[in-house]
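Structure first, commentary second.
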Amino acid sequence: VQLVESGGGLVQPGKSLKLSCSASGFTFSSYGMHWIRQAPGKGLDWVAYISSSSGTVYADAVKGRFTISRDNAKNTLYLQLNSLKSEDTAIYYCARTGNSGFFDYWGQGVMVTVSS
Amino acid sequence: DIQMTQSPASLSASLGETVTIECRASEDIYNGLAWYQQKPGKSPQLLIYNANSLHTGVPSRFSGSGSGTQYSLKINSLQSEDVASYFCQQYYDYPTFGGGTKLELK
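Chains as they are written, first to last, in my numbering: chain A, 22 to 137; chain B, 12 to 117.
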């Protein structure tokens, strides 16, 4: 199992960014996937989930601003980040969901910095 | 949201020692509890799921226990490669994490 995130960077408040997570080593279309973030030096916060059938769930902090999606033909997970705030600054990890809701494999993470 | 309270926040132990980290949920999570290890500059790695099941490839010196609202992670015979931060996570409801425990060598 390998998960590789990309698309991070420095962005101004109020702007947008799109993260990607390329998956390999497993049947991507059969698994639910998550985005989880970690502010510098802080703990972990779950961000969003997409099921194998593309149903979605979001944390309250990002609901209405972030959109999780997937392209099973490309084995890729996405996170569209809109109306970014300074408090969205974090490392963003994609992770595969295990049987019940734990995260059995994680990517290496991608840094998103929101600053003027 | 279910709140996860993890203790201690930091811990210093000697090589070969047994270490225990605790996690308390704000309500019953029916063993929907995972533990992760995160080494500096790396992504978290799954250690334990369903409160007491060892993830593939995880050394047997790691073990999990607990039920209801109280859970613990035990590391037997501490090794130098175990220096890391450890996080609990509940998945009975929308996922939430404990604040983490930073484990250092004494």
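Idealized CB from N, CA, C, for every residue including glycine.
Fair warning: this is a prediction, and the values are worked out from it, not measured in the lab.
Between residue 23 of chain A and residue 44 of chain A, the CB-CB gap stays under 9 angstroms. Around the beta carbon of residue 43 of chain B, a 10 Å sphere encloses 16 or more other beta carbons of the protein chains shown; the residue is thus reported as buried. Using a C-beta cut-off of 8 angstroms, the segment 49-68 of chain A makes contact with the segment 89-106 of chain A, since at least three inter-stretch Cβ pairs fall below that distance. DSSP places residue 85 of chain B in the uninterrupted beta strand (DSSP E) bounded by 81-86. A straight-line Cα-Cα distance of about 14 angstroms links residue 109 of chain A and residue 79 of chain A. What residue 60 of chain B touches in chain A, judged by beta-carbon distance under 7 angstroms, is 119 and 123, going in chain order. Sequence-distant Cβ neighbours of residue 93 of chain A in its own chain, meaning closer than 8 angstroms and more than five residues away, are 49 and 50. By the Cβ criterion, the segment 83-90 of chain B is not in contact with the segment 105-124 of chain A, since fewer than three pairs of Cβ atoms, one from each stretch, lie closer than 8 angstroms.
Where residue 66 of chain B is concerned, there is no enclosing beta strand (DSSP E), because DSSP gives it neither an H nor an E. Taken in chain order, the complete beta strand (DSSP E) segments of 3 or more residues contained in the segment 30-113 of chain A are 30-32, 38-45, 54-59, 65-71, 77-79, 87-92 and 97-102.
Look at residue 19 of chain B: its C-beta is not under 9 angstroms from any C-beta on chain A.
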